[in-house]
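K.L.:
Numbering (this note's numbering), first residue to last: 102 to 515.
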């Protein structure tokens, strides 16, 4: 079909840029966009007036704000409810891994403790002291743990929601903060129910009863029913954990939404696709800002600094999607197979390996030709991007597919 790089810069049409920008973001639902609709309209307005400089300046500011947007999530509840295990699940590490929240049968958190996400440096999860361990009422407790610093609260309970937790929910609501209730250890509840009623056990009926009990607890105490999620900290794909992630993302503003999307553990193909869409938009905006409709022949060389940056980019994507060498070693150890066997089933660990007499730049150009052919020469309506950005799209697509292949393979082994 068309060629990927075309000498169209001399005939650049500002109206085409506006329509192309608009067409691209129409492909994404509001909750998946990494910039707000108001910002999109403003950029389109600049483009329609031919003010490319202002449009690019706004895009630059947005990308910088997205990169630096802090997210602070407070996790609280009664002691023993599974707060620390929930935090470890959110940041995708095991309880014995470096940087994990301490898990124990007694309350281990006596003061608020921050845990940085290992891949998203702007994301902090705060393990707050169990409200039952404090000697002051919920409102004073919130002031003590600096409630204004958090984007939202997650109140965690392993059994029923207590009077203190209900009062805490009221206080958070009065202070105009979002909060969500998470009922953990539902896998244990199901197992106990199955053991006690082996002949009549009904999984869906039991889950419905647990949810109804939680809802009724709020209704019976004249408290507005918040979003309630039933999860297992050790079996994330099942139950409501994916629904919880979707809800948290939807409720954040666009800038913070991007980093939260990237932080999601790759536990479902939907989560992987969401990461892909977020990262794709970021690349697209960078490419648009860097200069679209530029003259770059298909034949040519990649400069050494281009190759170096592309190598860093690929490694960044691999880490983000959990297919980097360190993550693959953990998978291999968990499944008790050689790490080489895990690497055999995916492509990204081998993308930068060259044959004798071949430079890495030459190999990357071959990937570029393949990507151009597969995509019909167009990355977005009417727009042509530089070689380096096209290779970033290629790397992203490859790593995304690797994450899905690894996910399916891991489930089959388990």
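Note that beta-carbon positions come from the ideal geometry of N, C-alpha and C, so glycine has one too.
Ordered along the chain, which non-local residues of its own chain (more than five positions away) have a Cβ less than 8 angstroms from that of residue 129?
P.N.:
Cβ neighbours of residue 129 within its own chain (closer than 8 angstroms, five residues either side excluded): 378 and 382.
K.L.:
So within the stretch 246 to 276, which uninterrupted alpha helix (DSSP H) runs reach at least 4 residues, ignoring any that extend past its ends?
P.N.:
DSSP runs (the alpha helix (DSSP H)) wholly in the stretch 246 to 276: 264 to 275.
K.L.:
Identify whether residue 284 lies in helix, strand or coil by the three-state DSSP scheme.
P.N.:
strand
K.L.:
Are there 16 or more other CB atoms within 10 angstroms of the CB of residue 165, so buried, or fewer, so exposed?
P.N.:
exposed
K.L.:
Can you tell me whether residue 285 is buried or exposed? The criterion is at least 16 other CB atoms within 10 Å of its CB, across all chains shown.
P.N.:
With 16 or more other CB atoms across the displayed protein chains lying within 10 angstroms of its CB, residue 285 is buried.
K.L.:
At the level of alpha carbons, what is the spacing between residue 240 and residue 320?
P.N.:
21 angstroms
K.L.:
Measuring only the C-alpha atoms, how far is residue 158 from residue 325?
P.N.:
Cα to Cα, the separation comes out at about 44 angstroms.
K.L.:
Hey, residue 327 and residue 348 are a contact pair by Cβ (cut 8 angstroms); roughly how many whole angstroms apart?
P.N.:
With 8 angstroms as the limit, residue 327 and residue 348 do not qualify as a contact, their Cβ atoms being about 11 angstroms apart.
K.L.:
When you compare only the Cα positions, how much space is there between residue 501 and residue 168?
P.N.:
21 angstroms
K.L.:
Go to residue 414, then tell me how far its alpha helix (DSSP H) extends in each direction, as first and last residue.
P.N.:
405 to 421
K.L.:
At what residues does the beta strand (DSSP E) containing residue 215 begin and finish?
P.N.:
214 to 217
K.L.:
Pull up the distance between the alpha-carbon of residue 63 and that of residue 315, whole angstroms please.
P.N.:
Any question about residue 63 goes unanswered here, given that the chain covers just 102 to 515.
K.L.:
Taking the straight line between their C-alpha atoms, what separation do you get for residue 480 and residue 415?
P.N.:
Note that residue 480 has pLDDT 46, beneath the 50 cutoff, so the model's placement of it is unreliable and the number below is only indicative. Rounded to the nearest angstrom, the two C-alpha atoms are 19 angstroms apart.
K.L.:
Sort out for me which residues DSSP pairs residue 232 with in a bridge.
P.N.:
Bridge partners of residue 232: none, in fact.
K.L.:
Quick one, are the C-beta atoms of residue 469 and residue 360 less than 8 angstroms apart?
P.N.:
no
K.L.:
What residue range does the alpha helix (DSSP H) around residue 424 cover?
P.N.:
Where residue 424 is concerned, there is no enclosing alpha helix (DSSP H), given that its DSSP letter is neither H nor E.
K.L.:
At 4 residues or longer, what runs of the alpha helix (DSSP H) sit wholly inside the stretch 302 to 389?
P.N.:
304 to 321, 342 to 352 and 355 to 364
K.L.:
Exposed or buried, what is residue 182 when buried is set at 16 or more other beta-carbons lying within 10 Å of its beta-carbon?
P.N.:
Buried.
K.L.:
Residue 174 by DSSP, collapsed to three states: which one?
P.N.:
strand
K.L.:
Identify whether residue 453 lies in helix, strand or coil by the three-state DSSP scheme.
P.N.:
coil
K.L.:
For residue 447, collect the residues of the same chain with a Cβ closer than 7 angstroms to its Cβ; drop the 5 residues on either side in sequence, then sort them by chain order.
P.N.:
424, 503, 506 and 507
K.L.:
From residue 177 to residue 135, what does the alpha carbon distance come to, in whole angstroms?
P.N.:
28 angstroms
K.L.:
Might you give, ordered along the chain, the residues of its own chain that have their beta carbon closer than 7 angstroms to the beta carbon of residue 144, omitting 5 neighbours on each side?
P.N.:
122, 156, 159 and 160
K.L.:
Are residue 330 and residue 280 closer than 8 angstroms when you measure CB to CB?
P.N.:
It is not a contact, given that the beta carbons lie outside the stated cut-off.
K.L.:
For residue 438 and residue 431, I'd like the C-alpha separation in whole angstroms.
P.N.:
The straight-line gap from Cα to Cα measures roughly 10 angstroms.
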